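Protein chains in written order, with the numbering used here: chain W, 1 to 389; chain P, 390 to 863.
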């Protein structure tokens, strides 16, 4: 019989090495914020390009006639890790974020593209500055660049940094933050990622690739430290080789199991979402991942095209809906509107631009696509089955 | 209750698989009891689907209940009669040798048992998702389930070009072997309807078979607890697990690839010359059936496996572990069993102008440097959550234990992993197939296909590395 006796001191040594990686200083989260809401005009803000500035209840409305930089000089006592801009816009504006680093020449501004997506109310752009390799955490000027003939309302601008303990806490939370199951999951799973602030953590799996660090780096660091420790110990105490190798094996197995628990939990989180949105809901209310109610829709329209060798199918996107429709309704084949002469049945999914005109024809943007007919079944506006009479 | 049709549908394929295995083992059984059943299921399904394919091609049967059941009954009865006849001349089989099971420490047993429970919970969850959610992944509704449904509805081997219309956004699916879709057709035929969950349920069988085969392969060299940990390690690979519980065919392919190498490894590890030949004959069957799994098997895995098989036979012959006659017999088995499936399948492909590649034809490639491939490969292999720590650990142990890793018998596993992984690199770096790496599609699936081999190799090398330490502690 063999028994493995691993000295607790060995584990402590490795544990202490790992602890060295943990930041131990602590201070509070720090934010410097300028709010333009309630018709507030903040001092120190200047604009180039002679834009029109109007103080409104929701914020400062900027209307540009030429390329504009709206910014100010700053002298902060804390580093900048995230820049958050609260704004409102009716159109997509391709602007820039400008900053000046103290060590650079006075005119040497750095900029990065900034997309103001259209918003319904006030939206927020959070820019994680730490992901830029050249960013050193300090600036003496920040500003927003806007193109010619643009209009955006700025509600506020905040520059934030977090304390070491908050970063550690966020790093742990982000490790246990799960991605959702997507069609691409069959090819790759992002796995655990590490973010050091809550804004990055909340967004990290919403962008591709995640805007955070792969946690694998930390596993590799741990492996490297264990290997180094084992190498040094075996050199010093060759007679302890068997015990040292056992410790290494136990730690590696432990890391593996820990990783598996993380990824297994993500899998159960997928199931939880499926239960909440699909399994536990009745037909008509249930949705399935990003496909919404498409699967139930496709199943229910299948009998309506059973007498049609081919039918026309229109959806928001060709993929994956066309392939899915073909699968669900086979041997009845969905075809493209370009092949409209071959069939008289149309299935329309989530295309509110397709309507029936006064003469009973299927139209979109004023163009008639069919002869007069009638809607056989309508699920919601823009989702229906239409047949030419 | 419809899911009871799964075991019912597997009954005849499993029996026929078992008779073939028994016939190949002859008077010298080498498989552990449960291992034989697992291989019976895996080989039986692929073999029955191949027989059905041939029968349909010859115009003997359609893909309906009478046709598919008829092929299975005739094949099973035929194999049973041959086996009964041969059995008369064979003495009582000797149990297959396994490594002695050392008593492990209590904490190790507790941890491994907890990991087994965790794995069982995950497999149940995966199975529920597999059979209980709508079809989701691209290849499932464009290829594997689509073709199964086509065969079910048309009751014939449909190669409908209409479905491969560029406008329809699909292509090349008819070039794949039909084992996976036809198995789904068979289950749907038993049910009398196309039932999504039932059609998908077969995938969990291949996944569990992969775990069990890794366990039994490791069990030949190590204790129950170590072997269990190896099977757990495979199940814990997130991307392998996801594929195992999805209607994709890469885990199915991985079981066949692994069976060829596991049985070849058994032959190299074996000390009895007769049992060694049993292993080689079984490995030949696995290599033959591998052809009828996916296109990659034919163009990527089989050539490498043939090299390794020839190397192994040469090694066994040179080291006087087999004589000239035995080597000749083993080679003949490989030639016949591979040829029996390869020749009709390749002729069929040529006759119907079906391509040999996966996503793209391999015969029509322009060479030029592809940007971003190295980064995509590195990210998928090392920085995502797909493989836990498998590849860095495997690279590390291959370096530390290089002498053992690149000697017989382990060299067949290490050479296979390296040749398959590194062999694909030129295609990714210099051809349009680079999209398979950049989009992390074909590259990741290539790793899924070799995952059981990689895990087995890792476990064998780690076990042998730690064995002296453990032996000293006994």
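We put the CB at the ideal spot given by N, CA and C, even for glycine.
These figures come from a predicted structure and were not determined experimentally.
Residues near residue i in its chain [Cβ-Cβ closer than 7 Å; skip 5 each side]
| i | result |
| --- | --- |
| residue 678 of chain P | 432, 435, 436, 645 and 730 |
| residue 609 of chain P | 487, 488, 655 and 658 |
| residue 556 of chain P | Legend: pLDDT at residue 556 of chain P = 47, less than 50; position of this residue unreliable, value from coordinates given subsequently. Closer than 7 Å at Cβ, skipping near neighbours: no residue. |
One or two residues paired with residue i in a DSSP bridge
| i | result |
| --- | --- |
| residue 770 of chain P | Beta-bridge pairing links residue 770 of chain P to no other residue. |
| residue 335 of chain W | W:312 |
| residue 116 of chain W | W:93 |
| residue 126 of chain W | W:84 |
| residue 213 of chain W | W:194 |
| residue 98 of chain W | W:111 and W:143 |
| residue 377 of chain W | W:385 |
| residue 72 of chain W | W:142 |
| residue 865 of chain P | Outside the shown range of chain P, which is 390 to 863, sits residue 865 of chain P, and nothing can be said about it. |
| residue 55 of chain W | W:60 |
Close beta carbons around residue i, own chain, < 6 Å, minus the five adjacent residues each side
| i | result |
| --- | --- |
| residue 135 of chain W | 129 |
| residue 591 of chain P | 572 |
| residue 611 of chain P | 488 and 852 |
| residue 594 of chain P | none |
| residue 110 of chain W | 99 |
| residue 407 of chain P | 429 |
| residue 516 of chain P | 593 |
| residue 404 of chain P | 465 |
Counted within 10 angstroms of its Cβ, other Cβ atoms place residue i as buried (16 or more) or exposed
| i | result |
| --- | --- |
| residue 856 of chain P | exposed |
| residue 389 of chain W | exposed |
| residue 478 of chain P | exposed |
| residue 62 of chain W | buried |
| residue 93 of chain W | buried |
| residue 734 of chain P | buried |
| residue 390 of chain P | exposed |
| residue 384 of chain W | buried |
| residue 146 of chain W | buried |
| residue 239 of chain W | exposed |
| residue 565 of chain P | buried |
| residue 465 of chain P | buried |
| residue 176 of chain W | exposed |
| residue 786 of chain P | buried |
Within chain W, the residues that residue i reaches when beta carbons sit closer than 8 Å
| i | result |
| --- | --- |
| residue 526 of chain P | 183 and 186 |
| residue 773 of chain P | 188, 189, 190, 191, 214 and 216 |
| residue 537 of chain P | Within 8 Å Cβ-Cβ: nothing; residue 537 of chain P doesn't reach chain W, min ~10 Å. |
Nearest neighbour of residue i, chosen from the options [CA to CA]
| i | options | result |
| --- | --- | --- |
| residue 166 of chain W | W:197, W:106, W:308 and W:186 | W:197 |
| residue 452 of chain P | P:755, P:536, P:828 and P:518 | P:536 |
| residue 769 of chain P | W:318, W:185 and W:233 | W:185 |
| residue 86 of chain W | W:151, W:122 and W:183 | W:122 |
| residue 394 of chain P | P:456, P:581 and P:514 | P:581 |
| residue 65 of chain W | W:84, W:38, W:137 and W:151 | W:151 |
| residue 544 of chain P | P:575, P:599 and P:461 | P:575 |
| residue 848 of chain P | P:578, P:832 and P:621 | P:621 |
| residue 781 of chain P | P:775, P:771, P:416 and P:789 | P:771 |
| residue 522 of chain P | W:206, W:274 and W:362 | W:274 |
| residue 56 of chain W | W:155, W:310 and W:47 | W:155 |
| residue 625 of chain P | P:688, P:695, P:783 and P:775 | P:775 |
| residue 290 of chain W | W:103, W:149, W:317 and W:367 | W:317 |
| residue 371 of chain W | W:377, W:362 and W:379 | W:362 |
| residue 169 of chain W | W:194, W:139, W:89 and W:181 | W:194 |
| residue 418 of chain P | P:506, P:670, P:842 and P:789 | P:670 |
| residue 794 of chain P | P:584, P:846 and P:400 | P:846 |
Proximal chain W residues relative to residue i, where beta-carbon distance stays under 9 Å
| i | result |
| --- | --- |
| residue 864 of chain P | Beyond the ends of chain P as shown, which are 390 and 863, falls residue 864 of chain P; an answer cannot be given. |
| residue 829 of chain P | 184, 187 and 188 |
Residues that residue i contacts on chain P, provided the C-beta gap is smaller than 7 Å
| i | result |
| --- | --- |
| residue 219 of chain W | 778 |
| residue 331 of chain W | 542 |
| residue 271 of chain W | 514 and 518 |
| residue 260 of chain W | 625 and 777 |
Contacts of residue i in chain P (Cβ-Cβ under 9 Å)
| i | result |
| --- | --- |
| residue 176 of chain W | Correct list: empty, because the minimum Cβ distance to chain P is about 13 Å. |
| residue 288 of chain W | 522, 523 and 525 |
Under 7 Å by beta carbon: chain W residues contacting residue i
| i | result |
| --- | --- |
| residue 530 of chain P | 323, 324 and 327 |
| residue 511 of chain P | 264 and 267 |
Chain P contact residues for residue i, given Cβ-Cβ distances below 8 Å
| i | result |
| --- | --- |
| residue 320 of chain W | 527 and 530 |
Other residues of its chain near residue i: CB distance less than 8 Å, five sequence neighbours each side excluded
| i | result |
| --- | --- |
| residue 640 of chain P | 592, 595, 596, 599, 629, 632, 633 and 837 |
| residue 230 of chain W | 244, 245, 247 and 248 |
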